[in-house]
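Take a look at the structure set out below.
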Amino acid sequence: MDPVAMVEHLDDPLALAAARAIEARTYLVYIEEELELPFPGKPWYQFCVCPIGTSLRLADPENRITSDMCIPIHPNERHPGGRPGVVTEPEFPYDNCYHWIDFRIYVRVRARPEGFEGGNAIRLPPRQQGRMHRLWDEDRRRAVSKDTDDASARSESDQSSMHSESYSDPSADEASIDSADGALMQMNIFGDDSHDLELFPLVDLWHELAEHIQQGEIPNPMEIFKERDRVVEIIQQARSRANAVLNAPLPTEENVAERIEIASLSTPGMENTHKTTFWRGIRGRGRRILRRMWRVVALPYIPIWP
0 MDPVAMVEHL DDPLALAAAR AIEARTYLVY IEEELELPFP GKPWYQFCVC
50 PIGTSLRLAD PENRITSDMC IPIHPNERHP GGRPGVVTEP EFPYDNCYHW
100 IDFRIYVRVR ARPEGFEGGN AIRLPPRQQG RMHRLWDEDR RRAVSKDTDD
150 ASARSESDQS SMHSESYSDP SADEASIDSA DGALMQMNIF GDDSHDLELF
200 PLVDLWHELA EHIQQGEIPN PMEIFKERDR VVEIIQQARS RANAVLNAPL
250 PTEENVAERI EIASLSTPGM ENTHKTTFWR GIRGRGRRIL RRMWRVVALP
300 YIPIWP
């Protein structure tokens, strides 16, 4: 992520200094979706990416997500439920990584003059993608079943309340984001600015994984959200400052007169100098006005002799 590039157009020194203080890191991500058509000549393109973790999924009880709702990436085969890892082509260069369920972030990938060389990218073949989505579906059904079991332990009135809330829970809608319909709805194929794209992380993308990050350097994927949130906070603060300047009240005649009086009082000993300068200006303007009036009213010259 490039926090400085995300705020420098705001022309706000405070925002720029705050962005420079952020220590942005390099993250490992799975490219889930390109959200717009790759028209040439654009400075960046929208993508949905899934940060890769080096541990089991961070549990999220509020959304009924448990730590085993993840998939190892081969050669990693460690999983509490014995779930085999998905296999990439070519082989994945790290042996401690996991895909986490429903864990994604929207970014703007900066274009390169030379373009992107996709031939050296590590890919997840279609069959492995299908297997991953089936495993996610199993986990989501398990989450819904767990929610149902928890609700059945409550009183009948509480069950009714929980049942109605389960259909309005926004996290349930987020859980369907991996479906084909959900992905299609989120695709912004024409680059429409319906979202505040300025808040999307601006990032650089490399396919050469081993050249840019070593296994021991892979950070906690939660950190990218903290970086994003900090930059968003900086941008919003800069916008508030700019808005305050634009909406500041214009000075009234009384305020202007008061400022002039204060300025005069703050320069003791200069009163005579101000008066001399003032009367010089008046005399000079008076002479210029008289000369112009003479040109206007002067009688034309009429020769007497032929």
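Taken in order, the sequence shown gives residues 0 to 305; the numbers are from numbering that gives the first Met the number 0. Each residue gets a CB set at the ideal place from its N, CA and C atoms; glycine is no exception. Predicted model only: the values in this text are computed from it and were never measured.
- Pairing residue 93 with residue 217 gives a Cβ-Cβ distance under 8 Å.
- Assignment of beta-bridge partners to residue 43 by DSSP yields 109.
- Between residue 227 and residue 64, the beta carbon gap of about 20 Å keeps them out of contact (Cβ cut-off 8 Å).
- With fewer than 16 other Cβ atoms from the protein chains shown falling within 10 Å of its own Cβ, residue 132 counts as exposed.
- Judged by DSSP in its simplified three-state form, residue 138 adopts helix.
- Taking residue 195 as reference, the option from 203, 238, 204, 208 with the minimal CA-CA separation is 238.
- C-alpha of residue 39 to C-alpha of residue 33: approximately 14 Å in a straight line.
- Comparing alpha carbon positions, the residue from 4, 11, 233 closest to residue 244 is 11.
- In this chain, the alpha helix (DSSP H) harbouring residue 223 covers 221-245.
- Scanning its chain for C-beta atoms nearer than 8 Å, with the 5 sequence neighbours on each side dropped, one finds around residue 224 the residues 104, in chain order.
- Here the C-alpha atom of residue 109 lies approximately 10 Å from the C-alpha atom of residue 1.
- For residue 124, no beta strand (DSSP E) run applies, since DSSP gives it neither H nor E.
- Straight-line measurement puts the Cα of residue 241 at about 34 Å from the Cα of residue 102.
- Nearest to residue 99 by alpha-carbon distance, out of 125, 120, 136, is 136.
- Around the C-beta of residue 201, 16 or more other C-beta atoms lie within 10 Å, and the residue is accordingly described as buried.
- Secondary structure at residue 132: helix, using DSSP grouped into helix, strand and coil.
- The C-beta of residue 13 has fewer than 16 other C-beta atoms within 10 Å across all chains shown, which makes the residue exposed.
- Sequence-distant Cβ neighbours of residue 83 in its own chain, meaning closer than 7 Å and more than five residues away, are 76.
- Under DSSP, residue 212 takes part in no beta bridge, so it has no partner.
- In the DSSP assignment, residue 2 falls within the unbroken alpha helix (DSSP H) covering 2-6.
- A Cβ-Cβ contact shorter than 8 Å links residue 220 with residue 51.
- Residue pairing by DSSP puts residue 99 in a beta bridge opposite 69.
- Rounded to the nearest angstrom, the Cβ distance from residue 70 to residue 85 is 6 Å, consistent with a contact under 8 Å.
- Per DSSP, residue 204 lies in no alpha helix (DSSP H) and is assigned neither H nor E.
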